[in-house]
């Protein structure tokens, strides 16, 4: 089960950390309608949902600066963008 989670998070969602910066560049395989997962990152609980849109939700913790598709954002509660 852990291998599946890692494949989704690091493969399909392309989650990376570099110099303390969290980033995502998710894509949706053609045969899928969507996927979602939770992560704990530096005392924060995030939910990432990917379908026709990508929704990032900060469920617990302080505001988080991160990147989505190379765009820097400040996640206070939720952020929605189109899946690329």
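Numbering (my numbering), first residue to last: 1 to 84.
Quick reminder that beta carbons are idealized off the backbone N, C-alpha and C, glycines included.
{"Query": "Inter-residue spacing [alpha-carbon to alpha-carbon] between residue 64 and residue 71", "Result": "14 Å"}
{"Query": "Where residue 36 falls: helix, strand or coil (DSSP)", "Result": "strand"}
{"Query": "Residue 12 and residue 24 closer than 8 Å at C-beta", "Result": "no"}
{"Query": "Rounded separation between residue 17 and residue 45 - CA only", "Result": "16 Å"}
{"Query": "Option in 7, 5, 37, 22 with minimal Cα separation from residue 74", "Result": "22"}
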